[in-house]
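I have placed the structure first, in the form of structure tokens, so that the comments after it can refer back to it.
Numbering (my numbering), first residue to last: 1 to 189.
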């Protein structure tokens, strides 16, 4: 959120003397680049989970032999599929978030996508798991704050923050309960 606020403030300062129509036209085109970079980041971050599941299935089925590894084609396929899915449908998420959290113009969308992509790619490089949806939500909040504090629908933002806070404990609880239920069944087989 802080990164997108700062990046958006910088970009807005750079174009402050440019007519709004020119700014909108420029950033509509630049969004093609920002959404592509965001899609690449999304693919590299979320593909790790997909690659692990596919490789585990291949290993369990004996297709990888006795040594576990992630085949190159699984890496390429996972990254490409998730990136294409983001390009095809990710704009809907941005549009929905952009109307529920704050109203976005092309310049705001560009700043949110670019700063979100930066966070996701940096997290991937350092091996930090992040929710791409949470990242883009925070980026949109940061962009909205460059307008004014009241431009962000804080009731929606509060729900998103609660989702961030509850995600890990709830999934850990569901995982533990699933393990307790399934472990005796699997051991009996």
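For every residue, glycine included, the Cβ atom is placed at its ideal position computed from N, Cα and C.
Per-residue DSSP class, three states only, for residue i
i: residue 1; result: coil
i: residue 42; result: helix
i: residue 20; result: helix
i: residue 190; result: With the chain covering 1 to 189 only, the question about residue 190 has no answer from this structure.
i: residue 175; result: helix
i: residue 138; result: helix
i: residue 113; result: helix
i: residue 66; result: coil
i: residue 81; result: helix
i: residue 180; result: helix
i: residue 101; result: coil
Inter-residue CB distance, residue i and residue j (contact presumed, cutoff 8 angstroms)
i: residue 114; j: residue 7; result: 7 angstroms
Cβ-Cβ distance between residue i and residue j below 8 angstroms
i: residue 109; j: residue 136; result: no
i: residue 60; j: residue 74; result: no
i: residue 36; j: residue 111; result: no
i: residue 142; j: residue 1; result: yes
i: residue 40; j: residue 9; result: no
i: residue 97; j: residue 33; result: no
i: residue 99; j: residue 152; result: no
i: residue 38; j: residue 81; result: no
i: residue 11; j: residue 107; result: yes
Close beta carbons around residue i, own chain, < 6 angstroms, minus the five adjacent residues each side
i: residue 15; result: 23
i: residue 181; result: none
i: residue 64; result: 58
Contacting residues, own chain, Cβ-Cβ under 7 angstroms from residue i (five flanking each side not counted)
i: residue 164; result: 134
i: residue 132; result: 42, 45, 46, 120
i: residue 70; result: 51, 55
i: residue 157; result: 101, 141
i: residue 25; result: none
Selected residue, minimal CA-CA separation from residue i, among the options
i: residue 50; options: 77, 40, 188; result: 77
i: residue 31; options: 157, 167, 105, 169; result: 105
i: residue 72; options: 160, 66, 48, 25; result: 48
i: residue 79; options: 58, 124, 66; result: 124
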